[in-house]
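FYI, the numbering for the sequence shown is -27 to -1, 1 to 111, going by mature numbering (1 follows the signal peptide of the UniProt record, and there is no 0).
Report on the following structure.
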Amino acid sequence: MNFSRRETLALGLGAAAMGFMPFRVNAAAEDAIAAFTGGAEVGSGGLTLTAPEIAENGNTVPIAVDAPGAAAILLLATGNPTPGVAEFKFGELAGSQAASTRIRLAGTQDVVAVAKMADGSFVQASSTVKVTIGGCGG
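Right, here's the structure in full:
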């Protein structure tokens, strides 16, 4: 098989672009966190993220978050084409600041939850979910 100079250059540029894709996906998640927090420092503790260690099917992965005293919780899947999964907002009359849902994961990746607490501080929790069959066209 003979490649022309143009084809070789195109293949090389395509491979280089694919090498940078995971960095851009993580950058999109970091941008979403920065937008949610307004650039404030994010701590840890006070937020519980429950996710399976291994998901047989990425189409339906159960996730639960619990953050007593939270005003809002942002849920992200860092490896998905669009990392934003959900944002839960809790009012003063909320019985508990907890939520659960099923999400779609493209493949093995980190699921991140960021909570805005009632005092204006932010906390974060993450969990790695290994997906055997991707749910976003994978």
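Here a beta-carbon is modelled for each residue, glycine too, at the ideal position from N, C-alpha and C.
Values in this document were obtained by computation on a predicted structure and should not be read as measured data.
Own chain residues within Cβ distance below 6 Å of residue i, not counting five before or after
i: M90; result: G42 and A43
i: P(-6); result: At P(-6) the pLDDT is 47, less than 50, meaning the model places this residue with poor confidence; the figure from the coordinates comes in the next sentence. Taken in chain order, the list of residues that qualify is empty.
i: A38; result: The question names Ala, but residue 38 in the sequence shown is Val. L22, I46, A72 and A86, listed in sequence order.
i: G111; result: A caution first: G111 carries a pLDDT of 48, below 50, which makes its placement in the model unreliable, though a value can still be read off. Answer for G111: A79 and G80, listed in chain order.
i: S100; result: L22, A24 and V84
i: F61; result: I46 and A72
i: N30; result: I106
i: L66; result: none
Whole-Å CB distance - residue i paired with residue j, under 8 Å assumed
i: I36; j: A24; result: 5 Å
i: S(-24); j: A98; result: That pair is no contact at about 51 Å.
i: A13; j: F63; result: So it is not a contact: roughly 19 Å between Cβ atoms.
i: G19; j: A40; result: 6 Å
Residues bridged to residue i [DSSP beta-bridge criterion]
i: V85; result: L49 and S99
i: E60; result: L47
i: L22; result: V38
i: R75; result: P35
i: I27; result: K103
i: S69; result: According to DSSP, S69 bridges with nothing at all.
i: G16; result: V96
Beta-carbon contacts of residue i that lie in its chain and below 7 Å, excluding the five residues immediately before and after
i: A2; result: L49, T51, P56 and V85
i: F9; result: L47 and V87
i: E(-21); result: none
i: V58; result: L48, L49, A50 and I76
Cutoff 8 Å; reference residue i; Cβ partners in own chain excluding five residues on either side
i: A28; result: V34, L78, V102, K103, V104 and T105
i: Q82; result: A50, T51, G52, N53, T101, V102 and V104
i: V15; result: I6, V87, F95, V96 and Q97
Proximity test, residue i beta-carbon vs the ligand FMN heavy atom, cut-off 6 Å
i: G52; result: This structure lacks the ligand FMN, and indeed carries no ligand of any kind.
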